Amino acid sequence: MFEKHIYANRRAQLKKSLGSGILLFLGNEESPMNYKDNAYHFRQDSTFLYYFGIKEPALAAVIDLDGDETILFGDEMSIDDIVWMGRQKTLTEKASDAAIERVLPAKELHQYISSYITKKQKVHYLPPYRAENKTKISSWFGLSVSEISNRASIDLIKAVVAQRSVKSAEEIVQLDLAASLSADMHQVVMQAARPGMYEREIVAKIHQAAMASGGQLAYPAILTVHGQILHNHYYGNQLQEGQMVLNDSGLETELGYAGDLTRTFPVGRQFTPVQKDIYEIVLQAYTDAKDLLAPGIRYLDVHLTACRTLTQGLKDIGLMRGTVEDAVNAGAHAMFFQCGTGHMMGLDVHDMEDLGEQYVGYTDQLIKNTTQFGLKSLRLGKELQPGYVLTVEPGIYIIPELIDQWKADNRFKEYINYERLEQFREFTGIRIEDDFLITENNSRMLGKHLSLTVSEIETIRSSV
303 MFEKHIYANR RAQLKKSLGS GILLFLGNEE SPMNYKDNAY HFRQDSTFLY YFGIKEPALA
363 AVIDLDGDET ILFGDEMSID DIVWMGRQKT LTEKASDAAI ERVLPAKELH QYISSYITKK
423 QKVHYLPPYR AENKTKISSW FGLSVSEISN RASIDLIKAV VAQRSVKSAE EIVQLDLAAS
483 LSADMHQVVM QAARPGMYER EIVAKIHQAA MASGGQLAYP AILTVHGQIL HNHYYGNQLQ
543 EGQMVLNDSG LETELGYAGD LTRTFPVGRQ FTPVQKDIYE IVLQAYTDAK DLLAPGIRYL
603 DVHLTACRTL TQGLKDIGLM RGTVEDAVNA GAHAMFFQCG TGHMMGLDVH DMEDLGEQYV
663 GYTDQLIKNT TQFGLKSLRL GKELQPGYVL TVEPGIYIIP ELIDQWKADN RFKEYINYER
723 LEQFREFTGI RIEDDFLITE NNSRMLGKHL SLTVSEIETI RSSV
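Each position in the sequence shown, counted from 1, maps to that position plus 302 in our numbering.
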């Protein structure tokens, strides 16, 4: 945990943003794999972590705006808990570490909330994403599960997003650490991969690095020779000469802050000429996008800059044609780049995505485009501010099924050279990604440098 005054100050700042009533925060429960006592690794809800810092399951907290107090709801360890898990800090001690003075048994939360509902006083809650928390809210508020998210407090969502979006000095230390540890992990992977290995052998090294760091993986590793599959979690392919490995993985620090890096490298010692050409296009898009990062710049414009660079590069090698601006405006580039250029990052690798992309990545004035293929997957579009942390991750992905569908529909034939594209059906994909902090006047990359250029990567791969 951070120092207790940090949690107290965060809660004090939040209270200034809202009027009256109570703010309800539900922590996460254990999630059983196959029976109650065999649970997955526990991960606390990120907003609960942000304001209270306690990782223990089955907790909830209330900030009473009218009574000006914070209450933690949970149960002390039973003798059975102590027998099986060992003596730990008491819940009262953990509450004290978060500058919380009042602790009540978990069973009293329902009655506490009911008293506010009876008095018709406002109970603010965030949209739940876990089934057990949906069940609780459904029961307490008399709502159907389908009604729960629509009844979540927009005022609380906006206040939390505004606060969590701007990272404090202690958070930036954690995010720098996460990015550096992630870079170390990627470097190990680039040095270790060999033809004949299975993807799972490399993923094992990723897990080893995460555990050795004292943290966890920030998300399931995407490690694949089929880089055209954006979130490929299958690890059964054997690496073969001539293929590329796409490694999108990041570590989460002990305090819960995420790193999110991607590199693509050859299975052998060198990229093929075609792989090199397309890698250079993606690298230029990455460079143009990161160089644009600064306060006051809309991330939508960063994304569109990357799209134009990718389109120009694809045009140069004969895969696209026509006017670059027109092709991007029409969305023709999404044949090759189906996702957004980046996203906010912090305690979540896609920061606060549970609160709603329209609130996290957009504004009341800038509404997310939810219809255009490619653009609808852009999680961040709004104007950047100092303290924002985000990723830059352009890519080129050749998806045979998408080629067949668009070609059959004669879609964007004025911009896409389908005849030449047929020669690239087995290319797969390339992605490059780093993490950035928006500073007062510019931006800086988080963490340490990770081999990036073709020459840097081929130097590492030269020992294969």
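Every residue gets a Cβ at the ideal spot worked out from N, C-alpha and C, and that includes glycine. Fair warning: this is a prediction, and the values are worked out from it, not measured in the lab.
Checklist entry - Should R312 go down as buried or exposed, given a rule of 16 or more other Cβ atoms within 10 Å for buried? => result Start at 1 with the first residue of the sequence shown, and residue 312 comes out as number 10. Result: buried.
Out of R345, Y352, E331, D370, point me to the one whose CA is closest to A360's CA.
Counted from its first residue, the sequence shown places residue 360 at position 58. Checked all of R345, Y352, E331, D370; the closest Cα to A360 is E331.
Worksheet item: Hey, is the stretch 707-720 in contact with the stretch 622-642, meaning 3+ C-beta pairs nearer than 8 Å?
Response: yes
- Query: Below 9 Å between beta carbons: does that hold for L525 and E543?
  - Reply: Counted from its first residue, the sequence shown places residue 525 at position 223. Counted from its first residue, the sequence shown places residue 543 at position 241. Not closer than 9 Å, so no.
Worksheet item: In this structure, what does DSSP give as the bridge partners for F375?
Response: Sequence index remark: in the sequence shown, residue 375 carries index 73 (1-based). A362, L406.
Quiz item: Applying the criterion that 16 or more other CB atoms from any shown protein chain within 10 Å of the CB defines a buried residue, is G444 buried or exposed?
Solution: Residue mapping note: residue 444 aligns to position 142 of the sequence shown, counting from 1. By the neighbour-count rule (16 or more Cβ atoms within 10 Å), G444 is not buried but exposed.
Nearest-angstrom Cα distance between P575 and V756?
Mapped onto the sequence shown, residue 575 falls at position 273. Mapped onto the sequence shown, residue 756 falls at position 454. Cα to Cα, P575 sits roughly 11 Å from V756.
Exercise. Can you pull the DSSP bridge partners for N311?
Worked result: Position 9 of the sequence shown holds residue 311. Paired residue(s): none; N311 is not in a bridge.
**L320 beta carbon less than 9 Å from that of L458** = The residue given as residue 458 occupies position 156 in the sequence shown. The residue given as residue 320 occupies position 18 in the sequence shown. For L458 and L320, yes; Cβs fall inside 9 Å.
_With a threshold of 8 Å on Cβ separation, who are the neighbours of F738 within its own chain once the five nearest residues in sequence on each side are excluded?_
Locating residue 738 in the sequence shown gives position 436, counting from the first residue. K592, L595, V691, L692, T693, V694, S745, R746, M747, L748, listed in sequence order.
Minimum length 4: unbroken alpha helix (DSSP H) runs contained in the stretch 651-677 = 659-662
**Asked** What does DSSP give as the partner residues of L297 in its beta bridges?
**Response** As displayed, the chain neither begins before 303 nor continues past 766, which places residue 297 out of reach and without an answer.
Does E735 pass the burial test, meaning 16 or more other C-beta atoms within 10 Å, or should it be called exposed? Position 433 of the sequence shown holds residue 735. E735 comes out buried.
Can the beta-carbon of E503 be found closer than 9 Å to that of I308? To locate residue 503, count along the sequence shown from 1; it is residue 201. To locate residue 308, count along the sequence shown from 1; it is residue 6. No, these two residues do not count as a Cβ contact at 9 Å.
Worksheet entry | V767 versus D366 - alpha carbon distance | No information on residue 767 is available, as it lies outside the stretch 303 to 766 that the chain covers here.
| message | Count Cβ pairs between the stretch 342-354 and the stretch 640-653 that sit closer than 8 Å; are there 3 or more? | response | yes
Q: Kindly indicate the opening and closing residues of the alpha helix (DSSP H) around T607.
A: Within the sequence shown, numbered from 1, the residue matching residue 607 stands at position 305. 601-618 is the span of the alpha helix (DSSP H), which, as asked, contains T607.
Margin query: Checking 9 Å against the spacing of the C-beta atoms, do L477 and G561 come in under that value?
Written below: Within the sequence shown, the letter at position 175 stands for residue 477. Within the sequence shown, the letter at position 259 stands for residue 561. In contact: L477 and G561 (Cβ atoms closer than 9 Å).
Query raised in the report: Excluding five sequence neighbours on each side, which residues of the same chain lie with their C-beta closer than 6 Å to the C-beta of G689?
Result: The residue given as residue 689 occupies position 387 in the sequence shown. Contacts found: V468, K469.
Can you tell me where the beta strand (DSSP E) holding V447 begins and where it ends?
For the purposes of this step, residue 447 is taken as the residue at position 145 of the sequence shown. Here V447 belongs to no beta strand (DSSP E); instead the alpha helix (DSSP H) covers 447-450.
| Among S482, E703, G731, L325, nearest to H426 - alpha-carbon criterion | Working through the sequence shown from its first residue, we reach residue 426 at position 124. Checked all of S482, E703, G731, L325; the closest Cα to H426 is L325.
Q.
Check whether the stretch 553-560 and the stretch 504-518 touch, using three or more Cβ-Cβ pairs below 8 Å as the test.
A. yes
Quick one: grab the DSSP three-state call for M269. There is simply no residue 269 to check, as the chain begins at 303 and stops at 766 in what is shown.
By DSSP's criteria, R565 is part of a beta bridge. Which residues make up the other side?
Within the sequence shown, residue 565 is the residue found at index 263, counting from 1. N549.
Per DSSP, which residues does T526 bridge with? Please list them.
Within the sequence shown, residue 526 is the residue found at index 224, counting from 1. DSSP lists L548 as partners of T526.
>> Going by DSSP in three states, L274 sits in which element: helix, strand or coil?
In response: Since the first residue shown for the chain is 303 and the last is 766, residue 274 is missing from the structure and cannot be characterised.
Quiz item: Which residue or residues does DSSP assign as beta-bridge partners of E735?
Solution: Numbered from its first residue, the sequence shown carries residue 735 at position 433. E735 is bridged to T564.
**Item:** Boundaries of the alpha helix (DSSP H) in which M387 is found, first to last residue
**Value:** Walking along the sequence shown from the start, residue 387 turns up at place 85. Where M387 is concerned, the enclosing alpha helix (DSSP H) stretches over 381-387.
Please identify the residue among D603, Q423, S451 whose C-alpha is closest to the C-alpha of K436.
By 1-based counting over the sequence shown, the position of residue 436 is 134. Looking at the Cα atoms, S451 is the closest of the given residues.
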